[in-house]
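A quick write-up on the structure given underneath.
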Amino acid sequence: MKVLVIGSGGREHALCWKIRQSPLVTKLYCAPGNPGTAAIADNVDISSDDIGKLVAFAAAEKIDLTVVGPEGPLCAGIVDEFQKQKLLCFGPNKAAAELEGSKAFSREVCRRHRIPGPNFWAFDDHQQAKSFLDNREAGPIVVKASGLAAGKGVTVCKSSEEAKVAVAECLEKRRFGEAGGTVVLEECLEGPELSVITLTDGQTIMPLEPARDHKAVFDGDKGPNTGGMGVVTPVAVMPRMRSQIESQIIFPTVHAMNREGRRYQGFLYAGLMLTNQGPRVLEYNCRLGDPETQPLLMRLQSDLVPLLLATAEGKLDTMEAPVWDPRVAVCVVACSGGYPGDFKKGVPIFGLDRVVTGPDLQVFHAGTSRKLGGDLTTAGGRVLAVTALGADIGAARDRAYAALQLIEFQGMHYRKDIGLRT
Ligand code: AMP
Ligand code: GLY
999 MKVLVIGSGG
1009 REHALCWKIR
1019 QSPLVTKLYC
1029 APGNPGTAAI
1039 ADNVDISSDD
1049 IGKLVAFAAA
1059 EKIDLTVVGP
1069 EGPLCAGIVD
1079 EFQKQKLLCF
1089 GPNKAAAELE
1099 GSKAFSREVC
1109 RRHRIPGPNF
1119 WAFDDHQQAK
1129 SFLDNREAGP
1139 IVVKASGLAA
1149 GKGVTVCKSS
1159 EEAKVAVAEC
1169 LEKRRFGEAG
1179 GTVVLEECLE
1189 GPELSVITLT
1199 DGQTIMPLEP
1209 ARDHKAVFDG
1219 DKGPNTGGMG
1229 VVTPVAVMPR
1239 MRSQIESQII
1249 FPTVHAMNRE
1259 GRRYQGFLYA
1269 GLMLTNQGPR
1279 VLEYNCRLGD
1289 PETQPLLMRL
1299 QSDLVPLLLA
1309 TAEGKLDTME
1319 APVWDPRVAV
1329 CVVACSGGYP
1339 GDFKKGVPIF
1349 GLDRVVTGPD
1359 LQVFHAGTSR
1369 KLGGDLTTAG
1379 GRVLAVTALG
1389 ADIGAARDRA
1399 YAALQLIEFQ
1409 GMHYRKDIGL
1419 RT
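Numbers in the working numbering are just positions in the sequence shown, counted from 1, shifted up by 998.
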């Protein structure tokens, strides 16, 4: 069969790497892809946001399955447009993807269906948000742009004063454009975080292994939030917490979406905080995480393609649970100096040819670029996702960090503490 992967990040490189291994796949395309996907798939020069051209390409090439990586096209309704042309497309439709597209909506869903999350207050009026902050009790509070902001729209504030600055950035200065037209203020929760991604066709759920992302840019969780600087999987979760996550969050969310008339089919990502009172939803994503995907897919031993097909066709109940490599995977992201703020692009990357990759070590490309026949350069904030398997966290860390030692580009930054404290 012919498969098309949409997107150009580390997640999509990992998806292509895994899908390529399926004996069912005879032809693999990636649009637009990156230099990493170019080595294992045919890159197609169509932007992931150009839904019209993507539909036309899939129809012309008779693509059997399209797999959408990023949230942008999902929230814009790419699945609906493929379905109109009777083309099979993996991911939630526009109505279901709103779970990520609007944090105000997702919080309302949690409230309506009693899914545990922090208290929250949504505002689109700056004056009202300010007077709410003036009148609340002192203490930390979280400010979120309601719309899509590439993981950068959240500020954890120590005080109302700090929160007012973050609110003004959203509502007045429009730092996140329309995505910040509504802000959601949230009670600040405490506890370890966990990414739980599940396959669901709206009836059956099939959770992947739990993973832990590291969102802050610097060691010790310091500095501003990024899209994710590194991931460890699996993460030990107490059986009681595990069953609460399924019974209080995952199943209720899938049911809630059915009851809202927005059947959810695809990867459902719940970003959780494991508080002393039980698991709480910090956010939903309507897709696989980046970089969670990279270590998860390196540990997935089952063929991914039948699982994707069954989910998109509403037959997930016919599938066996996936088989996982029992080893630990650690993924460390090398990013451009300055990210998540301003950074330089077009910086030459050296040393990749010195890294010996294989089933236990992969360097997934994210923001990289290669001009025809030219050198590899940086092209984004997160540049490479070095991902390694090991018998334990220490062994996986050693393998990943040893590879990073061989790679260099001017300004390169990565966290040194991925997996140190899990
Ligand atoms: P989100 O994109 O909504 O998951 O938020 C990004 C990060 O901000 C999370 O991974 C948490 O570290 C932090 N965060 C978000 N919401 C809260 C909250 N209500 N309380 C404490 N920290 C939060
Ligand atoms: N790594 C977090 C995300 O994909 O949103």
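Backbone N, C-alpha and C fix where the C-beta goes; we use that ideal spot for every residue, glycine too.
From residue i to residue j, what distance separates their C-alpha atoms?
i: L1286; j: E1135; result: 37 Å
i: P1304; j: V1321; result: 13 Å
i: L1374; j: F1348; result: 8 Å
i: R1368; j: L1187; result: 43 Å
i: L1295; j: H1363; result: 15 Å
i: Y1282; j: S1193; result: 10 Å
i: V1174; j: A1389; result: The residue you asked about is not Val; residue 1174 is Phe in the sequence shown. Those two C-alpha atoms are separated by around 42 Å.
i: V1066; j: C1087; result: 7 Å
i: L1146; j: D1062; result: 29 Å
i: Q1408; j: G1365; result: 14 Å
i: I1049; j: S1157; result: 42 Å
i: V1001; j: L1306; result: 11 Å
i: T1153; j: P1289; result: 20 Å
i: Y1262; j: A1209; result: 22 Å
i: E1318; j: A1161; result: 47 Å
i: G1178; j: D1123; result: 11 Å
i: K1084; j: K1051; result: 16 Å
i: C1073; j: C1284; result: 8 Å
In three-state terms, what does DSSP make of residue i?
i: M1227; result: coil
i: C1284; result: coil
i: V1381; result: strand
i: C1028; result: strand
i: H1111; result: coil
i: F1341; result: coil
i: L1374; result: strand
i: H1411; result: strand
i: R1240; result: helix
i: Y1262; result: coil
i: A1147; result: coil
i: F1421; result: The shown model of the chain, from 999 to 1420, leaves out residue 1421, and the question about it has no answer.
i: N1041; result: strand
Is any heavy atom of the ligand AMP found at a distance shorter than 7 Å from the C-beta of residue i?
i: P1190; result: no
i: E1069; result: no
i: V1140; result: yes
i: L1426; result: This structure cannot speak to residue 1426, because the chain is shown only from 999 to 1420.
i: G1269; result: yes
i: L1187; result: yes
i: V1152; result: yes
i: K1016; result: no
Report whether the distance from the Cβ of residue i to the nearest heavy atom of the ligand GLY is below 7 Å.
i: D1219; result: no
i: N1223; result: no
i: E1290; result: yes
i: G1005; result: no
i: N1274; result: no
i: G1287; result: yes
i: G1226; result: yes
i: N1117; result: no
i: D1457; result: Residue 1457 is absent from the structure shown; the chain starts at 999 and stops at 1420.
i: D1315; result: no
Whole-angstrom Cβ separation of residue i and residue j, contact assumed at under 8 Å?
i: A1332; j: Y1412; result: 5 Å
i: A1058; j: S1046; result: Not really, about 18 Å apart at Cβ, beyond 8 Å.
i: F1118; j: E1184; result: 5 Å
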